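What follows is a set of notes on a single structure, which appears directly below.
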């Protein structure tokens, strides 16, 4: 709905400056609510007018600004234009704001923000997101949490904005470690234990065989032999490997279900191993693959062609590397899915790897590699549970549920819920996601359970609490009609602050889409929760006249819708109740 107001202001600017109004629409932004700025409006920076040539760099900017402001006419939408320091503020009709914005939200809450005209120039089409990507035959390490929830957010955002999204989990399911595990399982494994606790048993076998291999060279030979059989598609070796893979995927799906994450495809290095020869042949035919003195096969990535920068794709023994399989995977995905963009979500230590991958694809003549992006993230320090340092994601989720349940019991709300453990889990996951998304993804951050699970402050618990209280209010007054409302009853500061903030939603979605950072949406939702919480305390529905009550219920209903939509985009399941009172 911000589009209606942007377009109205842009029409005046077009009349004054002579340029088409489309020039001005993307330059206008909603003014964030603050104690200093109580009147909702739009803002235009003077610098943006200089950049697009509307203002002359040579003439006095303040004089040009004041001249423009004087020519703005008060109409049904714009009430006033004010020249500020480097900006022009346009105050808009607050009755019209309440009417237009809340009517659209009430009629079609799902499309609010995501259908905005400022999002129309974003790249549309098919987006493939590769994320999570743990190693098979191992328990889900906590280190994969960030990739999982960040990738899920990006996929959700792209889907909300109208893209056809393919979610791919590229499993680490190939390599010499499976030779070691296979040889170890043949010596130490038990099918009975595998059925009882598969990943724990495989982990124990892997640890023990690794320990023995340090002192027994025959185990390394047996591992190499098993992997050789695997690469040659020996039936017995392949059968055991498939069993490990299938068991692992089924176990991982249980964790993903707890996180509210799903995938369209479980892929892996093994899927593309057979195609690496074709990749190497193609590189050789194009004269891109060079052999070094050590016998390794490399692709020169230097601008000067002097091998000052290169990527190794073949070992001296002729075997391929991880990057070789990544090239094969990218080519296969382009052919199979015909994506318009492909996004990889991994930790920042792999930044050079993906830079090289994209350069190799470009060198091979695949210019669609321009649409390939790596989203890097930093490390989490200090994740621990009552059992000590945590390495397993399952332990983290259990710990979040346990601590949240303890908090709920202390607040005497757990007995009032139909399923307190499920509610505790949903809130606990929310807390983990918001803690992770609050800052730039590239930054490392220190994990603190006490801060994560606080009910007050900028936390996932607070978001859930606000949503649950609003849902409670709406259920309590569900019999009361708020089909029609009088916008004149929403002209107080609390109501206007919420309306002013909601006006920014499409801009937040745009910024999130441009840099693929969730913190913009997190900050928006946290501010919205604070504004809604204050309004909930002060703007009583019960005991108010029917006209006032209907207007306030419309405001709270629409606020709740945006809060819910935003939380779902982040990968959070909004809870309906946090206590019987809710």
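In the working numbering, the protein residues as written are 136 to 717. Think of the CB as a built atom: it goes at the ideal place given N, C-alpha and C, for glycine as much as any other residue. Treat the numbers as computed from the prediction; the structure is a model and nothing was measured.
If you check the beta carbons only, do residue i and residue j fall under 8 Å apart?
| i | j | result |
| --- | --- | --- |
| residue 480 | residue 266 | yes |
| residue 558 | residue 713 | yes |
| residue 394 | residue 229 | no |
| residue 223 | residue 179 | yes |
| residue 253 | residue 160 | yes |
| residue 196 | residue 181 | yes |
| residue 594 | residue 568 | no |
| residue 414 | residue 459 | yes |
| residue 513 | residue 483 | yes |
| residue 365 | residue 373 | yes |
| residue 555 | residue 288 | no |
| residue 669 | residue 598 | no |
| residue 629 | residue 659 | no |
| residue 527 | residue 277 | yes |
| residue 140 | residue 249 | no |
| residue 612 | residue 676 | yes |
| residue 147 | residue 207 | yes |
| residue 496 | residue 464 | no |
| residue 344 | residue 318 | yes |
| residue 306 | residue 457 | no |
Ends of the beta strand (DSSP E) at residue i?
| i | result |
| --- | --- |
| residue 215 | 213 to 218 |
| residue 511 | 507 to 512 |
| residue 400 | 400 to 403 |
| residue 481 | 476 to 482 |
| residue 605 | Counting along the chain, residue 605 falls outside any beta strand (DSSP E), though it belongs to the alpha helix (DSSP H) covering 595 to 611. |
| residue 621 | That residue, residue 621, is in no beta strand (DSSP E); it is neither H nor E in DSSP. |
| residue 225 | 222 to 227 |
For residue i, which residues of its own chain have a beta-carbon under 6 Å away from its beta-carbon, when the five flanking residues on both sides are left out?
| i | result |
| --- | --- |
| residue 667 | 601, 694 |
| residue 509 | 479, 489 |
| residue 300 | 262, 290, 293, 294 |
| residue 237 | 689, 693 |
| residue 736 | Look at the range of the chain in this structure, 136 to 717, and you will see that residue 736 is not part of it. |
| residue 587 | 566, 570 |
| residue 545 | none |
| residue 399 | 301, 302 |
| residue 578 | 513 |
| residue 382 | 333 |
For residue i and residue j, which I take to be in contact (beta-carbon distance under 8 Å), what is that distance rounded to the nearest angstrom?
| i | j | result |
| --- | --- | --- |
| residue 445 | residue 433 | 4 Å |
| residue 296 | residue 644 | 7 Å |
| residue 635 | residue 175 | 4 Å |
| residue 262 | residue 475 | 7 Å |
| residue 315 | residue 348 | 7 Å |
| residue 442 | residue 424 | No, residue 442 and residue 424 are not in contact; Cβ-Cβ is about 12 Å, not under 8 Å. |
| residue 302 | residue 391 | Wrong, their Cβ atoms sit about 10 Å apart, outside the cutoff. |
| residue 671 | residue 604 | 6 Å |
| residue 572 | residue 657 | 5 Å |
| residue 494 | residue 436 | 5 Å |
| residue 164 | residue 184 | Incorrect: roughly 14 Å between the Cβ atoms, too far for contact. |
| residue 189 | residue 152 | 5 Å |
Considering only residues of the same chain and omitting the five flanking positions on each side of residue i, which have a CB-CB separation below 8 Å?
| i | result |
| --- | --- |
| residue 619 | 685 |
| residue 609 | 688, 691, 692, 695 |
| residue 155 | 149 |
| residue 655 | 643, 646, 647 |
| residue 244 | 693, 696, 697, 700 |
| residue 574 | 580, 654 |
First and last residue of the alpha helix (DSSP H) that includes residue i?
| i | result |
| --- | --- |
| residue 567 | 555 to 572 |
| residue 181 | 181 to 186 |
| residue 447 | Here residue 447 belongs to no alpha helix (DSSP H); instead the beta strand (DSSP E) covers 445 to 449. |
| residue 204 | 196 to 206 |
| residue 435 | Run containing residue 435: none in the alpha helix (DSSP H); it sits in the beta strand (DSSP E), 432 to 435. |
| residue 424 | Unbroken run through residue 424 is the beta strand (DSSP E), 424 to 426; no alpha helix (DSSP H). |
| residue 336 | 333 to 348 |
| residue 701 | 681 to 705 |
| residue 577 | Counting along the chain, residue 577 falls outside any alpha helix (DSSP H), and DSSP gives it neither H nor E. |
| residue 667 | 654 to 673 |
| residue 587 | 584 to 587 |
| residue 643 | 640 to 650 |
| residue 499 | Unbroken run through residue 499: none, as it is neither H nor E. |
Among residues of its own chain, excluding the 5 on either side of residue i, which ones have a beta-carbon nearer than 7 Å to its beta-carbon?
| i | result |
| --- | --- |
| residue 308 | 271, 380, 403, 404, 405 |
| residue 451 | 429, 430, 431 |
| residue 257 | 296, 648 |
| residue 143 | 212, 213 |
Establish whether the CB of residue i and some CB of chain C are separated by less than 8 Å.
| i | result |
| --- | --- |
| residue 449 | This model lacks chain C altogether, as it is built from one protein chain only. |
Is residue i close to the ligand COA? I mean its beta-carbon at under 7 Å from any heavy atom of the ligand.
| i | result |
| --- | --- |
| residue 303 | No copy of the ligand COA appears in this structure; indeed no ligand is present at all. |
Complete runs of the beta strand (DSSP E) confined to the region 230 to 317 [at least 3 residues]: 261 to 265, 299 to 306
Complete beta strand (DSSP E) runs within the region 145 to 174 (minimum length 3 residues, chain order): 163 to 165
Unbroken stretches of the beta strand (DSSP E), 3 residues or longer, contained in the region 344 to 420: 400 to 403
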